[in-house]
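In my numbering, the protein residues as written are 60 to 630.
Below you'll find the structure, written out as structure tokens, and then a few comments.
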Amino acid sequence: DDDRKFLMYLRNKYHLKLYTTKDTVLLKSNSYKIDQIDSHKLGIDNIHIKDGNIHMLGNFISYFNEDNIQIKIIKNVSDNIINVYPAKQINYSQDIRKTKKYLSVDWRYNYNFELIVPLCENECEMMFQVTYDNGNVQRSFNPNVTYKKNTGLNYIHNFIQDNKVINLDKSTIKVSDSSKLIFIKNEIDNMRKIFKDKKEGYKDALLVRGIYLLTHPIMKNKKIWLLNDRLDSSDDNAKHLFDYIIKQEDNINKYYVIGKDCDDYKIMKKEYKNIVAYGSLKHKILFLYNQKIISSFLNFTYHNPFFKQEKDYRQLYGNLVNSSIYFLQHGVTARNANHFKRFSNELSLILATSDKEKEFIDDTFNYPKETTQTLGFPRYDNLTDDSKKEIIYMPTWRSYLDKNEEMFKNSNFFKSMNELLNDKKLLGLLDKHGYTLKFKPHPELLKYVELFDLSEDVKISTDEPYQQLFKEGSILISDFSSVLFDFAYLKKPIIYYQPHDDHQYEDSYFSYEDMGFGRVIKDKEKLVDVIAEYIRNDCKMEDVYVERVNSFYKYTDRNNCKRVYEWLKRN
């Protein structure tokens, strides 16, 4: 539709004119109607209650210039009292939420907004209003509202939180007081709707919601935190934080969620009782009562038991979910990261290791400044220097090579890796001094490992935890990987081996040459010479890089778990 309308605009020699009627505003190119302001719906990305306010994120898409759009909430408190709350416009860094251009012409405008409205003390009704105002023409209308999938409210349009019932209508939000009887009636009505509509997954939903209703008197006041990393491993920030907080006596019920088929699940079950299998009935019930999702990943499929890769059942449960997401990260953010989408992930915490990192996140992703906290990664507390005569080679994956095997095999990326792993001078040097070269392929690279001509002197590391590699390695060679930040924390030598300019990042505050923790090398022969130099000097990081490490990380005291835990308790 965008293409067709723009072609008509071109065909009519860039003619675009505003027309008004009594009720609306139209945009035409000659006689062809491009747009009508009140034909659009308002989309809500996120809605939750916090500190006595309803917080909403959303967007309004149209062909009308966003500079002339105003969005507000009209709150009818009583017959005599009407309050107005204007939205704040937000500019996101992701292309999907930017104005769409054709031939450098701004065409389809994406007005992203945030609304914060105080809750009513008693009952009230709130109505959305969109106004077009270009200084000469002003028209307002009450749009129909859609609640997007990640709100969990696109099917059942009500939820209860902070003793308030929030009913979401097509264009209004009705707020009223809740009670035990209202809660039960509300939930029975929702279950009847689910049974009547018989959407896929409805039987499980009725079972889970039935258990939720029966257990609510016992569970509603319990403090519950759910922690997770990946489903197939437990070697990241959430696991290291869990090891610490499970020992704290604070009347908080903490659980670590992991896939049941994972080896780490069996190991952790022997050590702790609060280990929960992802997707189990126990996980589903706990998830509905949970206050905090504490995760090193933002993938919904890692922590939400109602959302798997192949099926999305969130709409059957969404109105019961009131948990907030606390993002521990799994790597230092040094560049514009696509997973930071505030419109789909309204986070209560983004954990940072450096004030430079926090400043970059604050300036780039439009989260409130108090969201990002420089407290340090929990896993760093358990990083120790147990160096062995091992050199770790850990290149970053190139997503553009994921097309087919032939493309990968003919790439300069593969050739440069294979040449390094088979370099006779390097292997001879390591053999002479008793060192081992360990090749740690990226998970996406594992499927191509058999293409490498690896000698017996090179060890492939597939199952070793990253922490073990960092502890035991004496030198780390990589190109752009975020694992370099973990290794640097131990103040052991790092080499940035970047033979190709094929992995450029835009919008990064981190300069490898000016801020990096080691030398940037482009040439294989030079790389071998630098490795030899480090071996002769007992693999010591140079003072200039030690100073850079000290200036980058805010904390190196190994009290990150304590800091994060205390912040979580307060927030």
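Don't be surprised by glycine CBs; every beta carbon is placed ideally from N, CA and C.
Member of K281, I277, F301 and N280 whose CA lies at the smallest distance from the CA of N287: When only C-alpha atoms are compared, the closest one is F301.
Between the alpha carbons of K351 and D421, how many angstroms are there, rounded? Their backbone Cα atoms lie some 22 Å apart in a straight line.
Please determine if the segment 112 to 128 and the segment 79 to 94 are in contact, where contact requires at least 3 C-beta pairs separated by less than 8 Å. The segment 112 to 128 vs the segment 79 to 94: in contact.
Beta-bridge pairing of I225 - partner residues as DSSP gives them: I225 pairs with F218 and V234.
Applying the 10 Å Cβ sphere with the 16-neighbour rule, what's the burial state of D320? It counts as exposed.
How far does the beta strand (DSSP E) with T158 in it extend, from its first residue to its last? Annotation: T158 is outside any beta strand (DSSP E) and is labelled neither H nor E by DSSP.
Provide the residue span of the alpha helix (DSSP H) that contains L86, from first to last. Run containing L86: none in the alpha helix (DSSP H); it sits in the beta strand (DSSP E), V84 to S88.
Cβ contact (3+ pairs, closer than 8 Å) linking the segment 405 to 412 and the segment 261 to 279: No: fewer than three Cβ pairs fall under 8 Å.
Extent of the continuous alpha helix (DSSP H) to which S116 belongs: The question names Ser, but residue 116 is Leu in the sequence shown. Note, L116: premise wrong, no alpha helix (DSSP H); beta strand (DSSP E) at N112 to S121.
Entirely enclosed alpha helix (DSSP H) segments - the segment 415 to 469, minimum 4 residues: Every unbroken stretch of the alpha helix (DSSP H) spanning 4 or more residues and falling wholly within the segment 415 to 469 is given here in chain order: 464 to 468.
Does DSSP put F511 in a helix, a strand or coil? In the structure shown, F511 sits in coil (DSSP, three-state: anything other than H, G, I, E or B).
With DSSP as the reference, label V380 as helix, strand or coil. V380 falls in the coil class under three-state DSSP.
Classify Q24: buried if its beta carbon has 16 or more other beta carbons within 10 angstroms, exposed otherwise. Since the first residue shown for the chain is 60 and the last is 630, residue 24 is missing from the structure and cannot be characterised.
From V204 to D154, what distance separates their C-alpha atoms? Taking the Cα positions, V204 is about 23 Å away from D154.
Please classify L501 as buried or exposed, where buried requires at least 16 neighbouring CB atoms within 10 angstroms. Correcting the residue identity first, residue 501 is His in this sequence and not Leu. Looking at its Cβ environment, which holds fewer than 16 other Cβ atoms inside 10 Å, H501 is exposed.
Kindly indicate which three-state DSSP category H501 falls into: helix, strand or coil? Per DSSP, reduced to three states, the secondary structure at H501 is coil, with no helix or strand assignment.
Using a threshold of 7 Å, state whether the C-beta atoms of V380 and G211 are closer than that. Contact: yes.
Any heavy atom of the ligand COA inside 6 Å of the beta-carbon of M115? Absent from the structure shown: the ligand COA. Ligands present: none.
Residues in its own chain within less than 6 Å of D110 by CB, not counting five upstream and five downstream? Here the set comprises nothing.
Return helix, strand or coil for G577, following the three-state DSSP convention. When secondary structure is reduced to three states using DSSP, G577 falls in the strand class.
With a 10 Å radius around its C-beta and 16 neighbouring C-beta atoms as the bar for buried, classify Y337 as buried or exposed. Buried: at least 16 other Cβ atoms inside 10 Å.
If I follow the unbroken beta strand (DSSP E) through A336, where does it start and stop? It spans I334 to A336 - the beta strand (DSSP E) in which A336 sits, taken as one unbroken run.
K585 beta carbon less than 7 Å from that of T443: Not in contact: T443 and K585 (Cβ atoms no closer than 7 Å).
Between I128 and the rest of its own chain, which residues show a CB-CB distance below 6 Å, the 5 nearest in sequence each way excluded? Y170, listed in sequence order.
Are there 16 or more other CB atoms within 10 angstroms of the CB of F254, so buried, or fewer, so exposed? Burial call: exposed.
Terminal residues of the alpha helix (DSSP H) in which F544 lies: DSSP places F544 in the uninterrupted alpha helix (DSSP H) bounded by V542 to Y548.
Per DSSP, W284 forms a beta bridge with which residues? Bridge partners of W284: K313 and K351.
Between the C-alpha atoms of Y191 and R198, what's the straight-line distance to the nearest angstrom? One C-alpha to the other measures close to 5 Å.
One question on the structure: do L357 and Q388 come within less than 7 Å of each other, judged by their Cβ atoms? No, these two residues do not count as a Cβ contact at 7 Å.
From the DSSP output, in three-state form, read off T412 for me. Note: T412 maps to coil in three-state DSSP.
From the DSSP secondary-structure annotation, give me the bridge partner or partners of C183. Paired residue(s): V234.
Would DSSP call T205 helix, strand or coil? Of the three classes helix, strand and coil, the one that applies to T205 here is strand, per DSSP.
Between L489 and L496, which are expected to be in contact by the criterion C-beta below 8 Å, what is the C-beta distance as a whole number of angstroms? That belief holds up - the Cβ atoms of L489 and L496 are roughly 6 Å apart, short of 8 Å.
Looking at the structure shown, is Q368 part of a helix, part of a strand, or coil, going by DSSP? In the three-state DSSP reduction, Q368 falls in the coil class, being neither helix nor strand.
How far does the alpha helix (DSSP H) with T274 in it reach, from first residue to last? Secondary structure note for T274: its alpha helix (DSSP H) is the uninterrupted segment Y261 to M278.
Cβ shell of H362 (< 6 Å), same chain only, five flanking positions each side left out: Contacts found: N287, I352 and S354.
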